[in-house]
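For reference, the structure discussed in these notes is given below.
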Amino acid sequence: MPKVSSVVVPYAAYLRVYEPLGAFAEPERSHWARYARRPDRPSYQDELRRSLADLLPTPPVAVPVHESGDAFVAEVDGVVCVCPWRTRLRGWQALEELADELPAPVLDAVLPPVVRRQAAQDYERWLARNPDARPWIRTATWQVPLNWFVLVSDEERRYEKGTAEVPPLLRYRTPMVQARRRVARALRTLKDTVEEGPLIDGLVDVGRWLEEFHPRSLVELDYGGLVHVLPAGELEGDHSAADVAAGIEALRRGDGTAAGEAYGRLVERWRSVRDRRSAN
Numbered sequence: 504m505p506k507v508s509s510v511v512v513p514y515a516a517y518l519r520v521y522e523p524l525g526a527f528a529e530p531e532r533s534h535w536a537r538y539a540r541r542p543d544r545p546s547y548q549d550e551l552r553r554s555l556a557d558l559l560p561t562p563p564v565a566v567p568v569h570e571s572g573d574a575f576v577a578e579v580d581g582v583v584c585v586c587p588w589r590t591r592l593r594g595w596q597a598l599e600e601l602a603d604e605l606p607a608p609v610l611d612a613v614l615p616p617v618v619r620r621q622a623a624q625d626y627e628r629w630l631a632r633n634p635d636a637r638p639w640i641r642t643a644t645w646q647v648p649l650n651w652f653v654l655v656s657d658e659e660r661r662y663e664k665g666t667a668e669v670p671p672l673l674r675y676r677t678p679m680v681q682a683r684r685r686v687a688r689a690l691r692t693l694k695d696t697v698e699e700g701p702l703i704d705g706l707v708d709v710g711r712w713l714e715e716f717h718p719r720s721l722v723e724l725d726y727g728g729l730v731h732v733l734p735a736g737e738l739e740g741d742h743s744a745a746d747v748a749a750g751i752e753a754l755r756r757g758d759g760t761a762a763g764e765a766y767g768r769l770v771e772r773w774r775s776v777r778d779r780r781s782a783n
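Sequential numbering from 504 applies to the sequence shown in the working numbering.
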């Protein structure tokens, strides 16, 4: 596990897909096979450090000029799986979302309009040549979307308290087939019991994204920088995936009271994070 960096950690969570090497066509497959054997592969903190460093020049580099050749690596039942960073693609996509996240004066100060226009034009040209491109990593700031918790179960939860040198860790990992099955079951229940809304729309969207990957992939939900905003005691006691599962099961049984109680636990748990986001 990487040591704590001096870089300020953004309060972001991540949903990652690790695909087996066989899912990639040549020459990319051979590249990732060689890459997975490297002992000096960069860490989660290295990816963050590089991204933040691009914002320091004047004008800032909104999106990397070249696509990253790095990835995260995991072994699943003896099969090497990789999660390409695709930093350039994710940078373009994040830039599109910034207008909804930041007031115009703040956005202009961080990334001048001329920089954003150039990045948007570059993305439009690139997308015309790569219409089927999709990222292996999704990012959410100041929250873990409730629909992400549908993909995992409490039994797949891994929590480590951390030390003075090593940050705490809270993540879930599940096989792709399980994640897809849970999405399908949850959607059936939600469509039968609640009105159309953000939860259903988000679950449909993430379900379509998962369908883009190899069925033997690994899905990872990582709290990332959110471990630094949640108090240690609350982090250790965070079983949000269990509460989401309990709420959906209660809806399936027609038990509105139990569903409301599960939702109430989620709201209370994430209240402090929302309060800090508003303060910033």
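Here a beta-carbon is modelled for each residue, glycine too, at the ideal position from N, C-alpha and C.
Contacts around residue i, its chain only, beta-carbon distance under 7 Å, and the 5 residues preceding and following it disregarded
i, result
"V732", "Y514, V776 and R779"
"Y766", "G750"
"P562", "P615 and V618"
"A753", "A761, A762 and A765"
"A744", "F652, V655, S656, D657, R660 and Y675"
"W535", "L524, F527, A574 and V585"
"A577", "Y521, C584 and L721"
Residue environment, residue i, which counts as buried when at least 16 other CB atoms sit within 10 Å
i, result
"V609", "exposed"
"S546", "exposed"
"V784", "As displayed, the chain neither begins before 504 nor continues past 783, which places residue 784 out of reach and without an answer."
"P638", "buried"
"P701", "exposed"
"R620", "exposed"
"G728", "buried"
"S533", "exposed"
"P587", "buried"
"S509", "Annotation note: pLDDT 42 at S509 (below 50); position unreliable, coordinate value reported separately. Its Cβ having fewer than 16 others within 10 Å, S509 is exposed."
"L709", "It should be noted that the sequence gives Val, not Leu, for residue 709. Result: buried."
"L630", "exposed"
"E522", "buried"
DSSP three-state assignment for residue i, whether helix, strand or coil
i, result
"A726", "According to the sequence provided, residue 726 is Tyr. The question's Ala does not apply to it. Coil, per DSSP."
"Y514", "coil"
"E668", "coil"
"R674", "strand"
"P523", "strand"
"S652", "Looking at the sequence shown, residue 652 is not Ser but Phe. In this structure, F652 counts as helix in the three-state DSSP scheme."
"P587", "strand"
"L721", "strand"
"E604", "helix"
"R660", "strand"
"P505", "Only weak support is given to the placement of P505: the predicted model assigns it a pLDDT of 40, under 50, and the value that follows is read from those uncertain coordinates. Residue state, collapsed to three classes: coil."
"V579", "strand"
"A539", "helix"
"R637", "coil"
"A528", "coil"
"A612", "helix"
"A565", "coil"
Euclidean distance between Cα positions of residue i and residue j
i, j, result
"K506", "Q548", "Bear in mind that a pLDDT of 39 at K506, under 50, signals an unreliable position, so the number given afterwards is only what the model happens to contain. Using only the alpha carbons, I get a separation of about 8 Å."
"P606", "L524", "42 Å"
"A574", "V564", "21 Å"
"A687", "A612", "43 Å"
"K694", "E739", "32 Å"
"R691", "T677", "21 Å"
"V582", "G759", "43 Å"
"Y726", "E771", "18 Å"
"E599", "V647", "20 Å"
"R541", "E668", "24 Å"
"T642", "Y517", "5 Å"
"E723", "H569", "26 Å"
"G736", "W773", "13 Å"
"N633", "A682", "27 Å"
"D741", "R768", "10 Å"
"R756", "L649", "20 Å"
"A526", "Y538", "15 Å"
"E698", "G705", "13 Å"
"R593", "I640", "8 Å"
Distance cut-off 7 Å: residue i Cβ against heavy atoms of the ligand FAD
i, result
"A612", "Ligands are entirely absent from the displayed structure, and the ligand FAD is therefore not among its contents."
Spatial neighbours of residue i in its chain, beta-carbon cut-off 8 Å, leaving aside the 5 residues before and after
i, result
"D625", "V566 and W595"
Cβ shell of residue i (< 6 Å), same chain only, five flanking positions each side left out
i, result
"S571", "W588 and T590"
"T696", "L754"
"A488", "For residue 488 there is no data in the structure shown, the boundaries of the chain being 504 and 783."
"V579", "L721"
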